[in-house]
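Colleague: Here the sequence shown stands for residues 10 to 393, where the numbers follow the working numbering. Ideal placement from N, C-alpha and C gives every residue a C-beta, glycine not left out.
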Amino acid sequence: MASPTRRDLFTAAPLAVVPWLSGQSVGQGAEPPSFPGLVVRMQEPRNLEFPISALNESTTPSEQFFVRSHFAVPKIDRATWKLKIEGHVEKPLELSFDDIVKLKSVTKPITLECAGNGRVFLTPAVRGLQWGFGGVSTGDWTGVEISTVLEKAGVKPGAAEVIFVGADQGAINSDPASPGPIPFDRSIPLDKVLKPECLLAYKLNGEDLPTSHGYPLRSIIGGWYGMASVKWLSKIIVVNKPYQGFWQSLDYSYFERRDGLPSLVPVTAMDPKAVIAKPSLAEVVPVGKAYRIHGAAWAGEQRVREVEISFDAGKTWERTRCPEQKSPLAWIFWEYSWTPTARGPVSILVRCTDAKGSRQSDKRDPDRRSYRINHLIPVEVTVM
Ligand SMILES: Nc1nc2c(c(=O)[nH]1)N[C@H]1C(S)=C(S)[C@@H](COP(=O)(O)O)O[C@H]1N2
Ligand SMILES: [Mo]
Numbered sequence: 010m011a012s013p014t015r016r017d018l019f020t021a022a023p024l025a026v027v028p029w030l031s032g033q034s035v036g037q038g039a040e041p042p043s044f045p046g047l048v049v050r051m052q053e054p055r056n057l058e059f060p061i062s063a064l065n066e067s068t069t070p071s072e073q074f075f076v077r078s079h080f081a082v083p084k085i086d087r088a089t090w091k092l093k094i095e096g097h098v099e100k101p102l103e104l105s106f107d108d109i110v111k112l113k114s115v116t117k118p119i120t121l122e123c124a125g126n127g128r129v130f131l132t133p134a135v136r137g138l139q140w141g142f143g144g145v146s147t148g149d150w151t152g153v154e155i156s157t158v159l160e161k162a163g164v165k166p167g168a169a170e171v172i173f174v175g176a177d178q179g180a181i182n183s184d185p186a187s188p189g190p191i192p193f194d195r196s197i198p199l200d201k202v203l204k205p206e207c208l209l210a211y212k213l214n215g216e217d218l219p220t221s222h223g224y225p226l227r228s229i230i231g232g233w234y235g236m237a238s239v240k241w242l243s244k245i246i247v248v249n250k251p252y253q254g255f256w257q258s259l260d261y262s263y264f265e266r267r268d269g270l271p272s273l274v275p276v277t278a279m280d281p282k283a284v285i286a287k288p289s290l291a292e293v294v295p296v297g298k299a300y301r302i303h304g305a306a307w308a309g310e311q312r313v314r315e316v317e318i319s320f321d322a323g324k325t326w327e328r329t330r331c332p333e334q335k336s337p338l339a340w341i342f343w344e345y346s347w348t349p350t351a352r353g354p355v356s357i358l359v360r361c362t363d364a365k366g367s368r369q370s371d372k373r374d375p376d377r378r379s380y381r382i383n384h385l386i387p388v389e390v391t392v393m
């Protein structure tokens, strides 16, 4: 076993009694990072939200990265663990962890957002984890391009999708229920999975994957909502027909209108979204002084074209300062210098437009069920 990561130390004890430990730096006189802590969205299995007001590094520190787990974290011994690659391939494989790290590796910053991020803002309220703005984080992921491993196995002609299976499992008893215990899994169409943003990742921010983020190996499907990136990988199955597993049919699916009829399709790429880190809801902002409003924006497989801000419920919009996005896969930080001139309540809106012109809407589309939540959410503050 590798030495415990900071996340291991952190999750080993109840949140409330864990002092802020920064691994190696403890005892070396280094300043511990200042961070308001994670928000518990579910105790067991542990699901944790990144408090968006703490946003200040474009790569989220590993111990602050949001956690979304449907089942208990599986115990895996990396020394005996194997990744199976089977199905519609010329040569089924069983790779050890050492086999995988010997392959050519890449490191990329990639943003993961849970498809239910922002669910607490839905009215009427719906079931599911009540995420605020922070079911999203960006990591520096190191691993092997999935195409490298699929090439070794030799994908047979006619392959359509690749299923990624996690080692975690359990039964979902709430409606819709699973047919008994099932693993967490997800298929990805072949044309997406062969792209360079699709990785088998074994490091987050330069260290072994923390247990809660998929140790020892997970898939990362850049540009897509988090449910596509399977943690604690155990098996990869190449299939010649679309897979309709629980996590992409009953769960994580939405209605697409085809010929005027609603048809259920799996959730895939992240929609354009801008979030405000500061000010927070109900913050008091001083009148007559410049205040730096800032936040993040991302648009899945597209680049962010612009982030705009409105102080009059969307009647007029102004551009924020927004750097050019180098890769669509990682969020960018935007900012706006605001000098409020009058006291009183102010409602702030931001909206993101992607390179294809797709823009956040002020209305919630009910066809999206409880996923893909990117309609405009005001942040109300008081100028005093
Ligand atoms: N094996 C497994 N993989 C999983 C999940 C899970 O419960 N089990 N949750 C998925 C969901 S819904 C999300 S949003 C991301 C969250 O990744 P993180 O916990 O590293 O932030 O993991 C995905 N991969
Ligand atoms: Mo998710």
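Relative to the alpha-carbon of residue 158, which residue among 252, 304, 101 and 382 has its alpha-carbon at the smallest distance?
Modeller: The residue given as residue 158 occupies position 149 in the sequence shown. Answer by Cα proximity: 101.
Colleague: Below 7 Å, is the gap between the Cβ of residue 235 and the nearest heavy atom of ligand 2?
Modeller: Here residue 235 corresponds to residue number 226 of the sequence shown, with the count starting at 1. Residue 235 Cβ: within cutoff of ligand 2.
Colleague: At the level of alpha carbons, what is the spacing between residue 191 and residue 178?
Modeller: Position 182 of the sequence shown, counting from 1, holds the residue named residue 191. Position 169 of the sequence shown, counting from 1, holds the residue named residue 178. Each residue's Cα considered, the two are about 5 Å apart.
Colleague: Quick check on DSSP: helix, strand or coil for residue 218?
Modeller: Position 209 of the sequence shown, counting from 1, holds the residue named residue 218. Note: residue 218 maps to coil in three-state DSSP.
Colleague: Mind listing, in chain order, the continuous alpha helix (DSSP H) runs of no fewer than 4 residues lying wholly within the stretch 93-143?
Modeller: 106-110, all fully within the stretch 93-143.
Colleague: Just list the residues that DSSP pairs residue 363 with in beta bridges.
Modeller: Start at 1 with the first residue of the sequence shown, and residue 363 comes out as number 354. Bridge partners of residue 363: 313.
Colleague: What's the C-alpha gap between residue 227 and residue 163?
Modeller: Within the sequence shown, the letter at position 218 stands for residue 227. Within the sequence shown, the letter at position 154 stands for residue 163. Approximately 21 Å between the Cα atoms of the pair.
Colleague: Could you tell me which whole beta strand (DSSP E) segments of length 3 or greater appear in the stretch 173-247?
Modeller: Listed in chain order, the complete beta strand (DSSP E) runs (minimum 3 residues) inside the stretch 173-247 are 191-198, 207-213 and 227-230.
Colleague: Which first and last residues belong to the beta strand (DSSP E) in which residue 284 is found?
Modeller: Here residue 284 is taken as the residue at index 275 of the sequence shown, counted from 1. Counting along the chain, the beta strand (DSSP E) containing residue 284 begins and ends at 282-287.
Colleague: Between the Cα of residue 113 and those of 218, 152 and 332, spot the shortest distance and give me the residue it belongs to.
Modeller: Residue 113 sits at position 104 when you count from the first residue of the sequence shown. For the residues 218, 152 and 332, the minimum Cα distance to residue 113 belongs to 152.
Colleague: On the CB-based measure, 16 or more other CB atoms within 10 Å of its CB, does residue 349 come out buried or exposed?
Modeller: As a working note, residue 349 is residue 340 in the sequence shown. It counts as buried.
Colleague: Taking the beta strand (DSSP E) that residue 305 belongs to, which residues open and close that run?
Modeller: Taking the first residue of the sequence shown as position 1, residue 305 is located at position 296. Here the beta strand (DSSP E) through residue 305 covers 300-307.
Colleague: Note down, in chain order, each residue of its chain lying with its Cβ closer than 7 Å to the Cβ of residue 330, except the 5 sequence neighbours on either side.
Modeller: Stepping through the sequence shown from its first residue, residue 330 is reached at position 321. Excluding positions up to five away in sequence, the list reads 343, 344 and 345.
Colleague: Quick check on this structure: which residue in 248, 108 and 347 has the alpha carbon closest to the alpha carbon of residue 296?
Modeller: Within the sequence shown, the letter at position 287 stands for residue 296. Residue 296 has its Cα closest to that of 347, out of 248, 108 and 347.
Colleague: Can you give the beta carbon distance from residue 185 to residue 121, rounded, assuming they're within the 8 Å contact cut?
Modeller: If you number the sequence shown from 1, residue 185 lands on position 176. If you number the sequence shown from 1, residue 121 lands on position 112. Not really, about 24 Å apart at Cβ, beyond 8 Å.
Colleague: Straight-line CA distance for residue 300 to residue 188?
Modeller: One-based indexing of the sequence shown puts residue 300 at position 291. One-based indexing of the sequence shown puts residue 188 at position 179. Looking at the two C-alpha atoms, the distance is approximately 53 Å.
Colleague: Starting from the Cα of residue 355, find the closest Cα among 369, 290, 160 and 165 and give me that residue.
Modeller: Translated into positions along the sequence shown, residue 355 becomes position 346. The candidate whose alpha carbon is nearest that of residue 355 is 290.
Colleague: Rounded to whole angstroms, what is the Cα-Cα separation between residue 198 and residue 320?
Modeller: The residue you call residue 198 lines up with position 189 of the sequence shown. The residue you call residue 320 lines up with position 311 of the sequence shown. For residue 198 and residue 320, the distance between alpha carbons rounds to 42 Å.
Colleague: Got a sec? Which residues, its chain only, sit under 6 Å from residue 83 by beta carbon, not counting five neighbours each side?
Modeller: Walking along the sequence shown from the start, residue 83 turns up at place 74. If we look at residue 83 and ignore the five residues flanking it on each side, its Cβ neighbours are 176, 177 and 241.
Colleague: Could you tell me the alpha carbon to alpha carbon distance between residue 283 and residue 99, rounded to whole angstroms?
Modeller: On the sequence shown, position 274 is the one that residue 283 refers to. On the sequence shown, position 90 is the one that residue 99 refers to. Distance between the alpha carbons of residue 283 and residue 99 is about 44 Å.
Colleague: Does residue 293 pass the burial test, meaning 16 or more other C-beta atoms within 10 Å, or should it be called exposed?
Modeller: Within the sequence shown, residue 293 is the residue found at index 284, counting from 1. By the 10 Å Cβ count, residue 293 comes out exposed.
Colleague: Rounded to whole angstroms, what's the CA-CA distance from residue 384 to residue 95? Just pull it up for me.
Modeller: Taking the sequence shown and counting its residues from 1, the one referred to as residue 384 is at position 375. Taking the sequence shown and counting its residues from 1, the one referred to as residue 95 is at position 86. About 41 Å.
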